[in-house]
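Please read the structure below before turning to the comments.
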Amino acid sequence: MCLVFKMLGQNLYDFLKDSMFSPLLLKCVRPVLQQGATVLMKLKSLGLIHTDLKPENIMLVNPVRQPYRVKVIDFGSASHVSEAVCSNYLQTRYYR
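Position one of the sequence shown corresponds to residue 70 (our numbering), numbered consecutively onward.
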């Protein structure tokens, strides 16, 4: 089996790291947050939980042609609300 994925830019964490974690302007932050909120609302409507949402899983689509257009990736740990398992493990260790 061979999986083919669309070519995306860098992830949000690497983008912030490259800019030395300097603050972004509101005009840059707003579209990223709006798209993120849209994704979360869509997942909720489908009854899905991402479970691993972090800057590394938010990809910039094409920073040159479409600045601040993002896509959420890595749904490998996603689960349906009806199948969600409660545990003490809440997030990636790095973010604790």
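Ideal Cβ positions, reconstructed from N, Cα and C, are used throughout, including at glycine. Here the structure is a predicted model, which is why all the values come from computation and not from measurement.
Need the endpoints of the alpha helix (DSSP H) that residue i sits in, please.
i	result
leucine 109	95-115
leucine 81	81-87
Among the options, whose alpha-carbon lies nearest the alpha-carbon of residue i?
i	options	result
valine 139	Lys113, Thr120, Thr107	Thr107
serine 146	His119, Lys123, Val73, Cys155	His119
lysine 123	Phe144, Leu117, Asn131	Phe144
aspartate 121	Gly78, Val130, Leu129, Leu109	Leu109
Check for me: the beta strand (DSSP E) holding residue i runs from which residue to which?
i	result
lysine 140	135-141
Taking the CB atoms as reference points, tell me whether residue i and residue j lie closer together than 9 Å.
i	j	result
glutamate 125	tyrosine 82	yes
phenylalanine 84	proline 132	yes
Tell me which same chain residues have a C-beta within less than 7 Å of the C-beta of residue i, skipping the five on either side of it?
i	result
valine 98	none
Rounding to the nearest angstrom, what Cα-Cα distance links residue i and residue j in this structure?
i	j	result
serine 156	leucine 93	35 Å
Give every residue of the same chain whose Cβ lies closer than 6 Å to the Cβ of residue i, excluding the five residues on either side of it in the sequence, and list them in chain order.
i	result
serine 148	Ile118
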